[in-house]
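Q: Below is the structure I would like to discuss, written out as structure tokens.
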Amino acid sequence: MNLFEQQAANRRRTWLVMLAFVAFLLLLGFGFDAFFLSQVGGFVPIGSIVALGVGSISALVSYASGDKAVLLSTGAVPIADLLQSASEADALKLRQLDNVVDEMAIAAGLPKPPVYIVPDPDPNAFATGRGPGRSSIAVTRGLLDTLDREELQGVIGHEMSHIRNLDVRLMTIVAALVGGVALLSDWARRGMWWGGGRSRRRGDGEGGGGIAGVVFFAVWIVAIILAPVLAQLLAMMVSRQREYLADASGAELTRNPIGLAHALEKIDEAVAPTRAINRGSAHLCIADPLGRSLNLKEGSWADAFASHPPMAARIAALRAMAFEKRPATSPP
Amino acid sequence: MPGLVLLVLVILVVVWAIASYNGLVTMRNQVLNGWKQIDVQLKRRHDLIPNLVNTVRGAMDFERDTLTSVMEARAKALTATGPADAAQKEGQLSAALGRLLAVAENYPTLKSNENVKMLQEELASTENKVGFARQFYNDIATRFNTRQQVFPMNLFASGLGFKPAELFEVTNAAEREVPTVDLSRK
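Quick mapping for you: the protein sequence lines, in order, are chains E and W.
One point on numbering: in the numbering used here, the residue at position 9 of the first sequence is 9, and numbering is uninterrupted.
One point on numbering: in the numbering used here, the residue at position 95 of the second sequence is 95, and numbering is uninterrupted.
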């Protein structure tokens, strides 16, 4: 697949995700109407209209500013803010990161994206946004402290190719929409005992809160059932091929696959999960911030459902690239 | 019916011709822009060098030869005319800068100086930016040339006024040589 095909596929899939999200909410709205209209009567499908409105607006808002939501949820700080109050040694590291991002933007022929630092000691990095000129790159404090310049360049090259082939657009909209549903589901699951207990007590006393209770219950059931399905969907949309591809095109930018291979080795050695990054945006990262065991496995099942390829396979692929690209002794 | 088929064929050919021509124009502009980006990075490097030389001058006063050779190479690079000349003089400047940075390693006060470290980082980054700008230029220039030279475009490209873009090459023989590494001093 060449660059233009990748970009076209990502544009198409972004639309698909947005439509699927609106359709999902509309389904909930239909369900509400079917229940509400049969109980109370009336002809206005309030639920469907509200669901369509809420769904479309949140899909558009996610498209326009999903990157801001992702950055906000990880607590990322713009590098310019950190530079003002940094010590001299720290300023050197930050400046180096900024330079490396600039270099990779030049190598990719793209405008330089703004750089953010996530205050987390575990090494990791992600890119988010809509595409070239409207994206950001964030790295954790741990990554900045662990990697040397060459390795940093490998990681930034990887993220820059996610931006160039529009992976960021798809992954950001998935993070914003599906992450929102996952959040709702987490919240519903936590409120299970409290909500369940209260509605039963109300049911005993009087029937007044009955409809609201049933509606809440239905949304809750649907959300709980759908959350794992959505998580699977999310993993499939952002299949592990994407990471292999970004590794390869990142190495094409730096012309130095070994730099990224070393970086991945160091990231792999740091076993601690990246706490600042939650489940909804895990697929954006260069390495799985949750350290899920499925990502270590090979085979078609893992290929379909895991968000990241096994680190060992990625490193091996990069090393193979380096051996192939060994300079010939004499030009042809 | 044959007339209709002919009409469709003519329309297809016209659409193909317009799309190919516009594609080539777009690529030509990208190639020109890529070339200008190299100049932007070279300009950055020229601006940075006096700063570096001033910062290290105090501690490295007896390395006057190295410092003057850098400033002279910079002055020459500023007056370069044409791509080939520029490539050669920028190559000499790169070599002079490389020597300066290598010699600076011998001065512990310089190595621990944060200002010098920052300037070294800036200089290393500028060298990288020049390199990556050239890499990008060569990549898009190669795509542009390939587009012109594949069949059937090779029949029309020169007639439409498209010329293959010149690739950036290392003209300085010294740059192509494998650097010798001295491991005796640790």
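Every residue, glycine too, gets a C-beta built ideally from N, C-alpha and C.
Going by alpha carbons, who is nearest to L167 (chain W) out of W:L97, W:L101, W:R134?
A: Selected option, being the one with the closest Cα: W:R134.
Q: Please give me, in chain order, every unbroken run of the alpha helix (DSSP H) with length at least 4 that falls completely inside the segment 246 to 327 of chain E.
A: Runs of the alpha helix (DSSP H) inside the segment 246 to 327 of chain E: 257 to 269, 300 to 305, 311 to 324.
Q: Against chain W, with Cβ distances strictly below 8 Å, would A107 (chain E) count as a contact?
A: Judged by the 8 Å Cβ criterion, A107 (chain E) is in contact with chain W.
Q: N334 (chain E) versus chain W: which residues are under 9 Å apart at the beta carbon?
A: Any property of residue 334 (chain E) remains undetermined from this structure, which presents chain E solely from 1 to 332.
Q: At what residues does the alpha helix (DSSP H) containing G129 (chain E) begin and finish?
A: Per DSSP, G129 (chain E) belongs to no alpha helix (DSSP H); it is in the beta strand (DSSP E), 125 to 129.
Q: In its own chain, which residues sit with a C-beta less than 7 Å from the C-beta of T55 (chain W), not counting the 5 before and 5 after it?
A: Result list for T55 (chain W): N115, V116, L119, in chain order.
Q: Which residue comes first and which comes last in the beta strand (DSSP E) that contains S135 (chain E)?
A: Taken as a continuous stretch (DSSP letters only), the beta strand (DSSP E) holding S135 (chain E) covers 135 to 140.
Q: Distance cutoff 8 Å, beta carbons only. Does F132 (chain W) sit that close to anything in chain E?
A: Yes, its Cβ sits closer than 8 Å to a Cβ of chain E.
Q: Taking 8 Å as the threshold (C-beta atoms), are A138 (chain E) and L71 (chain E) in contact?
A: Their beta carbons are under 8 Å apart, which means L71 (chain E) touches A138 (chain E) by this criterion.
Q: Any contact of the segment 285 to 303 of chain E with the segment 15 to 25 of chain W, i.e. 3+ C-beta pairs under 8 Å?
A: As far as the Cβ criterion goes, the segment 285 to 303 of chain E does not touch the segment 15 to 25 of chain W, which means the pair count is below three.
Q: Let me see if you follow: with CB-CB separation under 8 Å, is E324 (chain E) close to chain W or not?
A: Low local confidence applies: a pLDDT of 49 at E324 (chain E) is under 50, so the model's placement there is unreliable, and no value is given.
Q: Give the C-beta separation of V49 (chain W) and V130 (chain W) to the nearest angstrom, bearing in mind that I take them to be a contact with Cβ-Cβ under 8 Å.
A: First, the amino acid is wrong: residue 49 (chain W) is Ile here, not Val. Actually they do not touch by this definition, with Cβ atoms about 13 Å apart.
Q: Can you find a CB in chain W that lies within less than 8 Å of the CB of R255 (chain E)?
A: Output row for R255 (chain E): interface = yes.
Q: Give, in chain order, every unbroken run of the beta strand (DSSP E) that is at least 3 residues long and sits entirely within the segment 10 to 37 of chain W.
A: Those beta strand (DSSP E) runs which fall completely within the segment 10 to 37 of chain W and span 3+ residues do not exist here.
Q: Just to confirm the assignment, what range does the beta strand (DSSP E) spanning D61 (chain E) have?
A: Correcting the residue identity first, residue 61 (chain E) is Val in this sequence and not Asp. Counting along the chain, V61 (chain E) falls outside any beta strand (DSSP E), though it belongs to the alpha helix (DSSP H) covering 46 to 74.
Q: Starting from V115 (chain E), follow its DSSP beta bridges and name the residues at the other end.
A: DSSP lists E:I137 as partners of V115 (chain E).
Q: When you compare the segment 143 to 157 of chain E with the segment 98 to 111 of chain E, are there three or more beta-carbon pairs, one atom per stretch, that lie closer than 8 Å?
A: Yes, they touch.
Q: Between L92 (chain E) and chain W, is there a C-beta pair that is closer than 8 Å?
A: It does: the Cβ of L92 (chain E) has a partner Cβ on chain W nearer than 8 Å.
Q: At 7 Å on the CB atoms, spell out the chain W contacts of D148 (chain E), in chain order.
A: Near D148 (chain E) there are no residues of chain W at all, since even the closest Cβ is about 12 Å away, more than 7 Å.
Q: To the nearest angstrom, how far is it from the Cα of G129 (chain E) to the Cα of D67 (chain E)?
A: Spanning the two alpha carbons is a distance of roughly 5 Å.
Q: Is G34 (chain W) close to chain E, meaning its C-beta is less than 8 Å from at least one C-beta of that chain?
A: It does; some Cβ of chain E falls within 8 Å.
Q: Determine, using beta carbons only, whether G55 (chain E) and L26 (chain E) come nearer to each other than 8 Å.
A: Yes, the Cβ-Cβ distance between G55 (chain E) and L26 (chain E) is below 8 Å.
Q: To the nearest angstrom, report how far apart I57 (chain E) and W15 (chain E) are at their CA atoms.
A: Taking the straight line joining both Cα atoms gives about 14 Å.
Q: Should D81 (chain E) go down as buried or exposed, given a rule of 16 or more other Cβ atoms within 10 Å for buried?
A: It is exposed - the Cβ of D81 (chain E) has fewer than 16 other Cβ atoms within 10 Å.
Q: Going by C-alpha to C-alpha distance, which of W:A17, W:T126, W:I140 sits closest to L155 (chain W)?
A: With distances taken between Cα atoms, L155 (chain W) lies closest to W:A17.
Q: Hey, out of E:P123, E:A248, E:E159, whose CA is closest to P273 (chain E)'s CA?
A: Selected option, being the one with the closest Cα: E:P123.
Q: Check the Cβ of R95 (chain E) against every Cβ in chain B and list those closer than 7 Å, keeping chain order.
A: Absent here is chain B; the protein component of the structure consists of chains E and W.
Q: For the pair the segment 161 to 175 of chain E and the segment 258 to 269 of chain E, tell me if three or more CB-CB distances fall below 8 Å.
A: Cβ pair count under 8 Å is below three, so no.
Q: How far does the alpha helix (DSSP H) with G131 (chain W) in it extend, from its first residue to its last?
A: First-last of the alpha helix (DSSP H) with G131 (chain W): 114 to 149.
Q: Just curious, the alpha helix (DSSP H) that G157 (chain E) is in, first and last residue?
A: Unbroken alpha helix (DSSP H) run through G157 (chain E): 149 to 164.
Q: To the nearest whole angstrom, what separates the beta carbons of N10 (chain E) and R169 (chain E), a pair I think is in contact under 8 Å?
A: Indeed they touch by this definition, with Cβ atoms about 6 Å apart.
Q: Tell whether a beta-carbon distance below 8 Å holds between N295 (chain E) and D303 (chain E).
A: No, Cβ-Cβ distance for N295 (chain E) and D303 (chain E) is not below 8 Å.
Q: Kindly provide the ranges of any alpha helix (DSSP H) runs that are 4 or more residues long and lie completely inside the segment 37 to 120 of chain W, ordered along the chain.
A: Runs of the alpha helix (DSSP H) inside the segment 37 to 120 of chain W: 64 to 78, 83 to 104, 108 to 111.
Q: Just the chain W side, please: which residues come within less than 8 Å of D102 (chain E) by C-beta, in chain order?
A: Within 8 Å Cβ-Cβ: S125, K129.
Q: Whose Cβ in chain E lies nearer than 9 Å to the Cβ of Q37 (chain W)?
A: Within chain E, the residues near Q37 (chain W) are I106, G109.
Q: Roughly how many whole angstroms lie between the Cα atoms of F4 (chain E) and L67 (chain W)?
A: Straight-line Cα distance between these residues: approximately 48 Å.
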